[in-house]
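What follows is a short report on a single structure.
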Amino acid sequence: MSIWEYANPKKFITTTERVLPVLWAAAALCIGGGLIWGFFFTGDEVRQGSTVKIIYLHVPAAMLAINTWVMMLVTSLVWLVRRHHVSALAARAAAPVGLVMTLIALATGAIWGQPMWGTWWVWDPRLTSFLILFLFYLGYIALWEAIEDPDTAADLTSFLCLVGSVFALLSRYAVNFWNQGLHQGASIMRAEAVIGTDTQEKVSNIFFYPLLLCIIGFVLLFVALVFYRTGTEIRARRIKALMARERVEA
Amino acid sequence: MRDLRLALRAGGGFGLGLAFFLIMTVMVPLSVGPQPDLLASIAPGVLWLGALLACLLSLDRLLALDWEDGSLDLLATAPLPLESTVTIKALAHWITTGLPLVLAAPVLGVLLNLPLAGFKWVVISLLLGTPALSVIGTFGAALTVGLKRGGLLMSLLVMPLYMPTLIFGAEVARRGAIGMDVQTPLLMLAGISAASIALLPFASAAVLRINLR
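Structure below.
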């Protein structure tokens, strides 16, 4: 048994199809449970009131937005090294999910920021780097769509993903630097730091456990979506191959 | 060398990039208003953005012409490794586009009421940064070379890659203009340029090989 067995599209589809219903159910259970627990069975935070509850959507989405890119990086590398088509298709399938997660994180962040910071948007390093990440996703998806030959597209997007990862990381630190250069010790920065540490250290367990449940739920949802979309991609490619064969025979 | 001469003769990219830079700089005061203070504070950023966009617009012809007439296939099969070919192409692009922009920047700085201390740093930052723009752009051009209408897509791909360079470059110019210490962004900018020149040609060549398959 090794993970490479699932590089066989048929094996991948049969296995994921068996796992998928469980994944959907578990994801729904975790997210639903976490949200209901978070929304109705935890008190309001002292300073932020009930607005703090958007954390249950904001944090998991933001975590996934970054980790989706990491997953795409890994699958791209696997494609370049071992030429497994499932891997390339999984990267393709994950990109729109990552895009949507980035969008959710940005949107919920704006909705949260409005009452807390008094503004929908500031050029805070964290916000800015997420916007840049969003642009990276857009470019990646656009390149997939633009190229007709699937293998060429997989190769080129993999390279874009590799180079893009380096530059995305660079942008993250560049943006950090740029903002500190602009406003020294702005209050936003401190607020951001408090919220940032909230999830790990400061927040009391009352908020943390439902949040953890939501994060697990989002991860499960992500895995289910990627499995599902990869299966769709595999089938779409099969249909294309079948139609091509029919045209040749006709 | 043949490559360089070819790129130089190949076209009006030389003048066009400069003209674009000029027009862009003229249009900024027209759009934000002619107040000298405002212009002085945004001048370094505008100069950097203008240079970046001028660079971006001239990337189209970098590989597309050679792709169309098939000389790219010849270059790929030539004894010279494709990596060096790509590097020379990027160098040619820099000489025809980046260098004139660097030289024109101080003149346009006058139009934008750039503070006196800023001239030196705008030129230095552009001198250090534009090679990175050319090399990164070559990667983008190599990615989209096989596409019919790759220009817009290439902008979408290249712009995010330009961001670190832009941030540090504009930061050097901005800090220089108001007399702050420029060492950190300057070092980062030089680092990005050096690393891009050293590593990205490998990626560009690999991508080109895929496209030429």
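Chain order of the listed sequences is A and B. This note's numbering puts the first residue of the first sequence at 115, with every later residue one more than the last. This note's numbering puts the first residue of the second sequence at 9, with every later residue one more than the last. Yeah, the Cβ is synthetic: ideal placement off N, Cα and C, and Gly gets one too. Treat the numbers as computed from the prediction; the structure is a model and nothing was measured.
Interface flag for B:GLU91 against chain A is unset, since no Cβ pair is found closer than 8 angstroms. Distance from the CA of A:TRP234 to the CA of A:THR242, rounded to the nearest whole angstrom, comes to 13 angstroms.
A:ILE246 has a beta carbon lying within less than 8 angstroms of a beta carbon in chain B. Taken through DSSP and simplified to helix, strand or coil, A:GLN228 comes out as helix. Secondary structure note for B:LEU122: it is in no alpha helix (DSSP H), with a DSSP letter that is neither H nor E. Within the stretch 117-200 of chain B, the alpha helix (DSSP H) runs of at least 4 residues that lie entirely inside it are, in chain order, 124-152 and 158-185. Secondary structure of A:ASN122 (DSSP, three-state): coil.
In the DSSP assignment, B:GLU91 falls within the alpha helix (DSSP H) that extends over 90-101. Per DSSP, the unbroken alpha helix (DSSP H) holding A:HIS172 starts and ends at 169-196. The contact set of B:VAL153 on chain A, defined by CB atoms closer than 8 angstroms, is empty, because the minimum CB distance reaches about 10 angstroms. With contacts defined as CB atoms closer than 8 angstroms, A:ALA205 and A:THR189 qualify as a contacting pair. In the three-state scheme derived from DSSP, where H, G and I count as helix and E and B as strand, B:ARG221 is classed as coil.
Across the stretch 175-188 of chain B, CB contacts with chain A closer than 9 angstroms involve ILE175, PHE176, ALA178, GLU179, ARG182, ARG183 and MET188, in sequence order along the chain.
When rounded, the separation of the alpha-carbon atoms in A:SER272 and A:THR128 is 26 angstroms. Of all residues in the stretch 232-262 of chain A, the ones placed with a Cβ closer than 8 angstroms to any Cβ belonging to chain B are ILE246, LEU249, PHE250, LEU252, GLY253, ALA256, LEU257, ALA260 and ILE261, in chain order.
Among the residues facing chain A, B:ILE218 is included, as its CB has a counterpart in that chain under 8 angstroms away.
When DSSP states are grouped into helix, strand and coil, B:GLU76 belongs to the helix group.
Secondary structure note for B:ALA62: its alpha helix (DSSP H) is the uninterrupted segment 44-65.
Boundaries of the alpha helix (DSSP H) around A:GLU259: 239-260. Taking a Cβ-Cβ cut-off of 7 angstroms, B:VAL40 has no neighbours in chain A, whose nearest Cβ is about 18 angstroms from it.
When the beta-carbon positions are compared, B:LEU60 and B:SER133 stay at least 8 angstroms from each other. A:PHE155 carries a coil assignment under DSSP once its states are collapsed to helix, strand and coil. Residues of chain B with a Cβ closer than 9 angstroms to the Cβ of A:SER116 do not exist; the shortest Cβ-Cβ separation is about 28 angstroms. Residues of the stretch 194-213 of chain B with a C-beta atom less than 8 angstroms from some C-beta of chain A are MET196, ILE200, LEU208 and ALA211, listed in chain order. Between the stretch 105-122 of chain B and the stretch 155-175 of chain B, the count of Cβ pairs shorter than 8 angstroms is below three; the stretches do not touch. The C-beta of B:ARG221 has fewer than 16 other C-beta atoms within 10 Å across all chains shown, which makes the residue exposed. Contact of B:PRO139 with chain A is not assigned, every C-beta pair being separated by 8 angstroms or more.
For A:THR216, the closest Cβ of chain B is not nearer than 8 angstroms.
Ranking B:VAL40, B:GLY53, B:LEU57 and B:ALA125 by CA distance to the CA of B:GLY25 puts B:LEU57 first. Annotated as distal: B:LEU67 and B:ALA150, with beta-carbon spacing of 8 angstroms or more. Between the alpha carbons of A:ALA202 and B:ALA214 lies a distance of about 17 angstroms. Collapsing the DSSP output to three states places A:GLY147 in a helix. Counting the other Cβ atoms within 10 Å of the Cβ of B:MET35 gives fewer than 16, which makes it exposed. Taking a contact as a CB-CB distance under 8 angstroms, the pair B:ALA125 and B:GLY187 counts as one, their CB atoms being some 5 angstroms apart. Below 8 angstroms, enough C-beta pairs join the stretch 198-211 of chain B and the stretch 77-97 of chain B to call them touching: three or more.
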